[in-house]
Amino acid sequence: MDKFYRIEQFVTRLLEVIITCLFFVILSITITLVVMRYGFNSAIIGGNEAINYLFIYTTALGAAVSIGKIEHIRISFFIDKLKQKHRRYINILNYFLIAFINAVMIKYSLPWIKSAGYFESPVLRVPNWTVQVSVPIGCSLVILYCLNHIILEGLTGRPPGARGSL
Amino acid sequence: MIVLLTSLAVCLAIGIPIAYSLGLSGFFYFVFERPEILPILPQRFLAGMDSYAMIALPLFVLMGLLMNAGGITSRLIDFSLLFVGRFRGGLGAVNVFASMVFGGISGSSVSDTASIGAVLIPEMKKKGYSAEFASGITVASSTMGMIIPPSVPMIIYALVSEESVGKLFLGSLIPGVMIGFLMLAITLAISYWKKYPREEVVMTGREKVDRIKQSILALIMPIFVVGAVVFGIATATESAGIGVLYAFIIGTFIIRQLKFKVIPPLMRDSILTSANVMIIIALSKLYIWILALERIPQLVAGVVSGLELPAFVVLLIIDIIILITGTFVDVSPAILLLTPVFLPAMNVLGVSRIQFGVILISGLAVGLVTPPVGMCLNVASTISKLGIGTIFRAALPFLLSNIITLILITYIPQLSMWLPAIFFD
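Note that the protein sequences, when read in sequence, are chains A and B.
Residue 166, in the working numbering, is where the first sequence stops; the numbers in between run on with no holes.
Residue 591, in the working numbering, is where the second sequence stops; the numbers in between run on with no holes.
Below, the structure is given as structure tokens:
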């Protein structure tokens, strides 16, 4: 089981590094845009569009990391009242349902990307698929985390966050 | 519609994250009611994440974290000590005063509890205050963090209600300060009754001037950030970005306590916090869209106008619903769930979007201090080693100031509308 924990930790750390770097770029562009506007009466063409797209990626990847670290906002009032054994079954069911809705997203996003992905963005002229693909990427990662948690919780009976979170 | 609401209730009850509960209920709605539009699910999801205004969210969170890591908490406490330390129960008053100021800097109640509580709860216990009093006052005063601008929940509300962030920031200023002064009065009254000690400020004149100088640099930040938005100099996102730069400069070069190595973890925490909220926003947009499709907001507005109850009774009922929701649901999802349902009804009652925003967030703030899900309670419990029930009971007298303010802002619109009217009309 340790192998599963280690793989999850590695993936989580890698994703955290990626989203932190993306956030740094967002922050840098935001500050530069203000400095350019008031200091030099100029602008970075497509700056706002770029930070918007990067922000979408940070959300898609960050949501997956939150599943890995069991940090999503939820109402645990009722489930906390259950016995450990029952809570375990409910947790496994929850991961199945989360994986299911993300699989639905992937199923319907692929034909959509295929049909509308070649359109270009208004300013940067990048094809839309570069942003749209964040949906299946993020959802796939969520599914992987869910499956890993199902395996860990199902086989060991321990909540994945007990060792899996960083 | 029954499918949507029932599946949402079941998913929430069994502990599925709120974001995915919204997604699943939307999916079940499409399957049973409108299967022909099921393929638009990912489009609505992406559209929900695509928000320039919400980029302000991680930036504001980072600004608060940088200020905290830069040593601003201890300076604010010293600064507050200069003004209110000499009163009986001085440290209690410092706790409230520091939260008022810190709220303007961090925009987050939880970080307020964590940073001010970590310093003041042990210090108050050492000086003879009861652990219950110290923890109760810390959690109750931290509720101001999300009301006094700049406030992260206000930005979320601005997005859902399509109201100006600047107007909302100004609208929440007077109610936030009111809560602070009422809480200060309650603290001083309890301290006088329990004979808590006064604080002696042992500082030379020069030290006092130095402390004020360092604190002033931090104190002008919220004025600068909110001012930039109010006067249209920068968008909320840009002003938050500049606020981050400002916090970095103050922490690194003026106070000199901010270390470079802590910045990447702070950035990671900010963006993960933001992702947690953004994924709820993305999927709640789907839920809001379905509500609009089913004309639920209009239905609620129709029911409210058809009730033939006096407006003040309806407003009281809505206040109670907000308080109960805040007890069980976290602030951000509660804003996203309640705003689209109640906003048209508020319109019928003649309540502006700004006033409703201030009412909503002031009411939900109380939920941070009530069991079972009060996040500030959990933080204070970790610091003080007291149970959350004990801390909640100790916080009750102070929460009276939140409730009084909530009632006042519900029935006196000028309290939330006066400042926006001065600056925007």
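All residues carry an ideal CB built from backbone N, CA and C; glycine is no exception.
This one's a predicted model, so the numbers in the text were calculated from it and none came from an experiment.
Tell me the DSSP secondary structure of residue i in three-state form.
{"i": "E202 (chain B)", "result": "helix"}
{"i": "E460 (chain B)", "result": "coil"}
{"i": "P183 (chain B)", "result": "coil"}
{"i": "P168 (chain A)", "result": "There is no way to answer for residue 168 (chain A), as the model of chain A reaches only from 1 to 166."}
{"i": "P316 (chain B)", "result": "coil"}
{"i": "P127 (chain A)", "result": "strand"}
{"i": "E365 (chain B)", "result": "coil"}
{"i": "E328 (chain B)", "result": "coil"}
{"i": "E71 (chain A)", "result": "coil"}
{"i": "E153 (chain A)", "result": "helix"}
{"i": "E8 (chain A)", "result": "helix"}
{"i": "E120 (chain A)", "result": "strand"}
{"i": "P476 (chain B)", "result": "coil"}
{"i": "L286 (chain B)", "result": "helix"}
{"i": "L465 (chain B)", "result": "helix"}
{"i": "Y218 (chain B)", "result": "coil"}
{"i": "T536 (chain B)", "result": "coil"}
{"i": "I443 (chain B)", "result": "The displayed chain sequence assigns Val, not Ile, to residue 443 (chain B). Helix."}
{"i": "P579 (chain B)", "result": "coil"}
{"i": "V495 (chain B)", "result": "coil"}
{"i": "G251 (chain B)", "result": "coil"}
When you compare only the Cα positions, how much space is there between residue i and residue j?
{"i": "S330 (chain B)", "j": "G523 (chain B)", "result": "11 Å"}
{"i": "F211 (chain B)", "j": "I101 (chain A)", "result": "12 Å"}
{"i": "L141 (chain A)", "j": "L565 (chain B)", "result": "42 Å"}
{"i": "I429 (chain B)", "j": "A284 (chain B)", "result": "21 Å"}
{"i": "F23 (chain A)", "j": "I79 (chain A)", "result": "34 Å"}
{"i": "F589 (chain B)", "j": "G332 (chain B)", "result": "10 Å"}
{"i": "L530 (chain B)", "j": "S518 (chain B)", "result": "18 Å"}
{"i": "S450 (chain B)", "j": "I182 (chain B)", "result": "14 Å"}
{"i": "I462 (chain B)", "j": "F40 (chain A)", "result": "49 Å"}
{"i": "S246 (chain B)", "j": "Q209 (chain B)", "result": "50 Å"}
{"i": "V495 (chain B)", "j": "R74 (chain A)", "result": "8 Å"}
{"i": "V104 (chain A)", "j": "P111 (chain A)", "result": "12 Å"}
{"i": "L465 (chain B)", "j": "W129 (chain A)", "result": "38 Å"}
{"i": "S547 (chain B)", "j": "V260 (chain B)", "result": "20 Å"}
{"i": "G164 (chain A)", "j": "T59 (chain A)", "result": "Residue placement at G164 (chain A) cannot be trusted, given a pLDDT of 36 that sits under 50; the coordinates are not used to answer."}
{"i": "Y362 (chain B)", "j": "G230 (chain B)", "result": "31 Å"}
{"i": "F253 (chain B)", "j": "Y295 (chain B)", "result": "14 Å"}
{"i": "M369 (chain B)", "j": "I483 (chain B)", "result": "51 Å"}
{"i": "T172 (chain B)", "j": "L457 (chain B)", "result": "14 Å"}
{"i": "F508 (chain B)", "j": "V395 (chain B)", "result": "27 Å"}
{"i": "V250 (chain B)", "j": "R6 (chain A)", "result": "52 Å"}
{"i": "V34 (chain A)", "j": "L585 (chain B)", "result": "27 Å"}
{"i": "D376 (chain B)", "j": "L350 (chain B)", "result": "26 Å"}
Here's the rule I'm using: 16 or more other beta-carbon atoms within 10 Å means buried, otherwise exposed. How should residue i be labelled?
{"i": "P122 (chain A)", "result": "exposed"}
{"i": "A162 (chain A)", "result": "For A162 (chain A), the pLDDT reaches just 47, beneath the cut-off of 50, and the residue's location in the model is therefore unreliable, although a value from the coordinates is still provided. Exposed is the call here."}
{"i": "E366 (chain B)", "result": "exposed"}
{"i": "I345 (chain B)", "result": "buried"}
{"i": "K69 (chain A)", "result": "buried"}
{"i": "I549 (chain B)", "result": "buried"}
{"i": "Q84 (chain A)", "result": "exposed"}
{"i": "D591 (chain B)", "result": "exposed"}
{"i": "E328 (chain B)", "result": "exposed"}
{"i": "S281 (chain B)", "result": "buried"}
{"i": "V131 (chain A)", "result": "buried"}
{"i": "G398 (chain B)", "result": "exposed"}
{"i": "F55 (chain A)", "result": "buried"}
In chain order, what residues of the same chain lie with their CB nearer than 8 Å to the CB of residue i, ignoring the 5 residues before and after it?
{"i": "S338 (chain B)", "result": "I313, I314, P315, S317, M320, G523, V524, I527, S528, S582"}
{"i": "L504 (chain B)", "result": "I487, I488, T491, L526"}
Grab me the residues of residue i's own chain with a C-beta within less than 7 Å of its C-beta, minus the 5 sequence neighbours each way, in chain order.
{"i": "C542 (chain B)", "result": "S275, V276, T279, V305, S308, L534, V535"}
{"i": "C177 (chain B)", "result": "S187, L190, S191"}
{"i": "N544 (chain B)", "result": "I554"}
{"i": "L228 (chain B)", "result": "V410, L432, M433, S436"}
{"i": "A448 (chain B)", "result": "F211, G214, M215"}
{"i": "S240 (chain B)", "result": "V285"}
{"i": "V169 (chain B)", "result": "F194, Y195, F198, E199"}
{"i": "I454 (chain B)", "result": "P506"}
Note down, in chain order, each residue of its chain lying with its Cβ closer than 6 Å to the Cβ of residue i, except the 5 sequence neighbours on either side.
{"i": "G270 (chain B)", "result": "I314, P388"}
{"i": "M290 (chain B)", "result": "L257, A300"}
{"i": "A467 (chain B)", "result": "P510, A511, V514"}
{"i": "S471 (chain B)", "result": "V514"}
{"i": "I19 (chain A)", "result": "T58, L61, G62"}
Report yes if the C-beta of residue i is less than 7 Å from at least one heavy atom of the ligand NAP; otherwise report no.
{"i": "L452 (chain B)", "result": "What this structure holds is no ligand at all, so the ligand NAP is not there to describe."}
How about the segment 49 to 56 of chain A and the segment 84 to 94 of chain A: do they share at least three Cβ pairs that are nearer than 8 Å? No, the segment 49 to 56 of chain A does not touch the segment 84 to 94 of chain A.
**Asked** How about the segment 437 to 445 of chain B and the segment 53 to 72 of chain A: do they share at least three Cβ pairs that are nearer than 8 Å?
**Response** By the criterion of at least three beta-carbon pairs nearer than 8 Å, the segment 437 to 445 of chain B is in contact with the segment 53 to 72 of chain A.
Q | Three CB pairs or more closer than 8 Å across the segment 404 to 420 of chain B and the segment 221 to 235 of chain B | A | Touching, yes, given that three or more Cβ pairs across the two stretches are closer than 8 Å.
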